[in-house]
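7 is the number of the first residue of the sequence shown in the numbering used here; add one for each residue after it. Everything on this sheet refers to the single structure shown next.
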Amino acid sequence: VPPVAESMPAEPEPEPEPEPEPEPSFGVAPEVVTVKTRDQYNNLPSGTMFKAPDGTIRVKP
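Written out as structure tokens, the structure reads:
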């Protein structure tokens with residue numbers, strides 16, 4: 007039977023790094039760009055929220 011590992015000094019466990027505080031997002035509206043022309047739409051990067059000419063809020067694919 008092998009000896010129990012209790013006789014070996016245990017290495018101290020490293021302390022876990024504290025989790026960063028999440029940025030408060032309550033009440034913060036994402037930026038919405040108003041688009042009136044096809045050129046404005048074409049210049050938007052993918053994933054941008056925009057207000058279409060009909061007033062709806064959309065996300066460019």
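Beta carbons are placed, not taken as given, at the ideal position from N, Cα and C, and that holds for glycine.
For E37, which of N48, G53, R44 has the nearest alpha-carbon?
-> G53
Counting only the same chain and skipping the five closest in sequence on each side, list residues whose C-beta sits under 8 angstroms from that of I63.
-> V38, M55, F56, K57
Report all residues from its chain with a CB closer than 6 angstroms to the CB of G61; omit the five preceding and five following residues, and keep chain order.
-> none
Hey, how far is the Cα of N49 from the Cα of K66?
-> 10 angstroms
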